[in-house]
Amino acid sequence: MIVHGNESVLVQGITGTQATFWSERMKEYGTQVIGGVNPKKAGTQHLDLPVWGSAKDAAKDQDAAIDCSCIIVPPPGVKSSVLDALDAGIKKLVILTEHVPVHDVMYFLAAAREAGASVIGPNTAGIVTPGECFVGFMPAFNERVFKQGNIGVISRSGSLGTLVCLDMVQAGFGISAFIGIGGDPVIGTTTRDALQCLDKDAKTQAIALIGEIGGGMEEEAAEYANGMTKPIVSFMAGAASPPGKKMGHAGAIVMGDKGSYAGKKKALEAAGVTVLPTPSMLPDALRERL
Amino acid sequence: MNFEEHAAKPLLKTAGIAVPEGGLAKSADEAAAMAEKIGPCVVKAQVPTGKRGKAGGIALASNPDEARTEAERILDLEIAGFPVNSVLVEQQVPIAKEFYAAVLNDSDTKGPLLLFSAEGGMDIEEIADKHPDALVRQPIDIRTGLSSDTIEAALPPIDGVDRKALIETLQKLYEAYMQNDAELMEINPLVATTDNRVIALDCKFALDDSAIRRQAELAKSGAPDKLTELEQRGQDIGFKYIELEGNVGVLSNGAGLTMTTMDAISHYGGEPANFLEIGGNAFVLGKQALEVVLGNPRVKSLLINFCGAIARTDVMTGGVLEAWDDVDPQVPVFWSISGTGEDEARAMLKEKLGTAPYPTMDEAVKAAVEAAK
């Protein structure tokens, strides 16, 4: 789930407005964008890069396997784009599209699992490895927000993840990897998966886990955190949110006690994680733990 | 999107699951007429929420007069804030045994999950609490579906029910879930009758909000959210606005950051007046957002907190500033801006209003909370 500067990246849906803006940023920053996919514009050039009709066609044109695909197509097309990428043998998929029907998500996650591919998202802002590259919608190029270092950051939300990285960098820390896992109720990479990945990452010495009310992912991550030696600090959004309402992220809904702030806090604290009431307190807490 | 029972049950029927005979009544007279037709019946309040029985919204009636009296009473109720506008009048069935059955989108297994309990007649939270061992949890591969053999192996031995009919019903429940892009398709209770039939006495259906577009026809029969006037305006314009009790207005981007902004307001002793995010595709709606937030008369100060990832702070700030003279905010406004496009956003703010954002979100929050006191 960490992306590296030497990895090749295909952008499915590269010709869209958002995709164009962010593909340019990725290229400038050092991401090895090899080109994109748009069935209607196959054979043309976009951003001085080739456009293929499918990921499979793109793969045929390469000497080596494509490492990663960044998927920014409208919701109805996501399922077929993912299946196309899996068909092309791509093993790391970052799905940025929001509002993908959940039945489609479950379908392509099952297919990805069988193909041995990891999926990040949908509805993620992407992943950043400061100093190397990024895939997604994150301001990796903003030096106030991202600087190389040894703190791994996990977040469901792009905007909140950006704020946390900013707070860290302004406090003198640097970021080893940012993993945006996405705000949807069913996603490929869970908080626990991301935590495990950062635990094994040699560059990462400590972790900021940014959670959110709703679902059971933080509780599940707490089980893994229990056996870890790297210090973890956490902020979870939604303590002040009223129960039973969807707060923008489809995943952020509390029904009864399930997914509540109190339950998540308790689980994480029992696993030795320091849980803070605002994100700005994360750097000081981290300093104490290191 | 939630559906009331009367709108959900036809989906089961289409999939081939038996439901009691009956129909919807919007008045006591209509209820009595229905009872005349079907005999001893159940009168059930139609509201998109659970626990109707406990709220007095479900009653038995043995004749048309009783049906009229009960319908009259129930149509006067308000359940969990929803006024009862209609009742479902259905034939009573001779119950031998009650079960719980549902298929839902499960985030843990990342696929559909069949839930079944031979201990029915209570809600799922209660079943999970009191009879956790009796709850069957069968994950389903959405690519291959749910076979009768899988269900057969998953179910415990159950007395007093035609097992084949029960298994078929569960398969059809899965079909109904698939056909309708359900987040949840639940039958509680599913009953075995004394004459050996399997019937769905209730149905709860939630449509996946992300599938509304491709289920447009179906979505027309969904229950609309209960919205305030400002919330309705937000929905019409295309962003998510939720009115809250406090007096610090919030204009922010991204669900996570917006919830965090609310948390920080509450942490520093204030109370947020609303949830509103203009992230995602809504970040060009600065003007309308400003109008809606300030449309709430409780708002005493406004906190504008932008942190740009995909949403560009320059675009959002530009949208808000463009609307500034028109909207003419009468409350103090506190800014925090960082992330994508922040230099341009800061420059715009300086040029238009001669002010600068607070250096950190926390400082902006503290100032906004103080000003609202």
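Line by line, the protein sequences give chains A and B. Heads up: the first sequence is residues 190 to 479, going by this note's numbering. Heads up: the second sequence is residues 5 to 377, going by this note's numbering. Virtual Cβ for every residue (Gly too), placed ideally from N, Cα, C.
Going by beta carbons, Pro265 of chain A and Arg350 of chain B fall outside the 8 Å limit. Among the residues of chain A, those whose CB is under 8 Å from the CB of Arg218 of chain B are Pro265, Pro290, following chain order. Restricting attention to alpha helix (DSSP H) runs no shorter than 4 residues, the stretch 46-106 of chain B encloses them at 68-79, ordered along the chain. Rounded to whole angstroms, the Cβ separation of Thr262 of chain B and Leu307 of chain B is 11 Å, and the two are not in contact under 8 Å. Buried is the label assigned to Leu255 of chain B, since at least 16 other Cβ atoms lie within 10 Å of its Cβ. Looking only at A:Val192, A:Ala474, A:Leu238, the smallest Cα-Cα distance to Met357 of chain A is reached by A:Ala474. When secondary structure is reduced to three states using DSSP, His288 of chain A falls in the coil class, being assigned neither helix nor strand.
Judged by DSSP in its simplified three-state form, Asp110 of chain B adopts strand.
Taking a Cβ-Cβ threshold of 8 Å, the residues of chain A close to Gly343 of chain B are Pro328, Asn331, Val334, Ser348, Thr351, Leu352, Leu355, in chain order.
Among the CB atoms of chain A, none fall inside 8 Å of the CB of His135 of chain B. In this structure, the alpha-carbon of Asn331 of chain A lies about 10 Å from that of Ala313 of chain B.
Within its own chain, no residue has a Cβ closer than 6 Å to the Cβ of Asp366 of chain B once the five positions on either side in sequence are excluded.
Distance between Leu139 of chain B and His10 of chain B, taken at the CA atoms: about 27 Å. The beta-bridge partner set that DSSP reports for Lys244 of chain B consists of B:Glu281. Contact check for Lys48 of chain B and Gly61 of chain B: beta-carbon distance about 7 Å, within the 8 Å limit, so the pair qualifies. Measuring C-alpha to C-alpha distances from Met190 of chain A to each of A:Gly310, A:Ser270, A:Leu352, A:Ile255 identifies A:Gly310 as the nearest. Relative to the Cα of His271 of chain B, the nearest Cα in the group A:Asp276, A:Leu349, A:Leu465, A:Gly347 belongs to A:Leu465. One thing to note: Met38 of chain B has its Cβ within 8 Å of the Cβ of Gly26 of chain B.
Across the set A:Val289, A:Met215, A:Asp252, the C-alpha of A:Val289 shows the shortest separation from the C-alpha of Ser270 of chain A.
With three or more CB-CB distances shorter than 8 Å, the stretch 450-470 of chain A counts as touching the stretch 421-428 of chain A.
Excluding the 5 residues flanking it on each side, Glu348 of chain B has same chain C-beta neighbours closer than 6 Å at Asp318, in chain order.
Where Met215 of chain A is concerned, the enclosing alpha helix (DSSP H) starts and stops at 206-218. Taken atom to atom, the span from the alpha-carbon of Leu280 of chain B to that of Asn257 of chain B is near 8 Å. Where Thr154 of chain B is concerned, the enclosing alpha helix (DSSP H) starts and stops at 152-158. The stretch 281-353 of chain B contains, as complete alpha helix (DSSP H) runs of 4+ residues, the segments 290-298, 317-331 (chain order). Rounded to whole angstroms, the gap between the alpha carbons of Lys291 of chain B and Tyr245 of chain B is 14 Å. With contacts defined as CB atoms closer than 8 Å, Leu285 of chain A and Ala244 of chain A fail to qualify as a contacting pair. With contacts defined as CB atoms closer than 8 Å, Leu150 of chain B and Tyr104 of chain B fail to qualify as a contacting pair. The secondary-structure analysis by DSSP pairs Val200 of chain A across a beta bridge with A:Gly225, A:Cys259. A direct Cα-Cα distance of roughly 23 Å separates Pro193 of chain B from Ala35 of chain B. Put simply, the CB of Leu108 of chain B is far from chain A, with every gap to its CB atoms at 8 Å or more. By the neighbour-count criterion, in which 16 or more other beta carbons inside 10 Å mark a residue as buried, Gln334 of chain B falls on the exposed side. Rounded to the nearest whole angstrom, the C-alpha separation of Glu408 of chain A and Glu477 of chain A is 24 Å. Between the stretch 198-209 of chain B and the stretch 179-189 of chain B there are three or more inter-stretch CB-CB distances shorter than 8 Å, so the stretches are counted as touching. In this chain, the alpha helix (DSSP H) harbouring Gly452 of chain A covers 450-459. Contact between Gly202 of chain A and Ile260 of chain A is confirmed by a C-beta separation of about 7 Å, below the 8 Å threshold.
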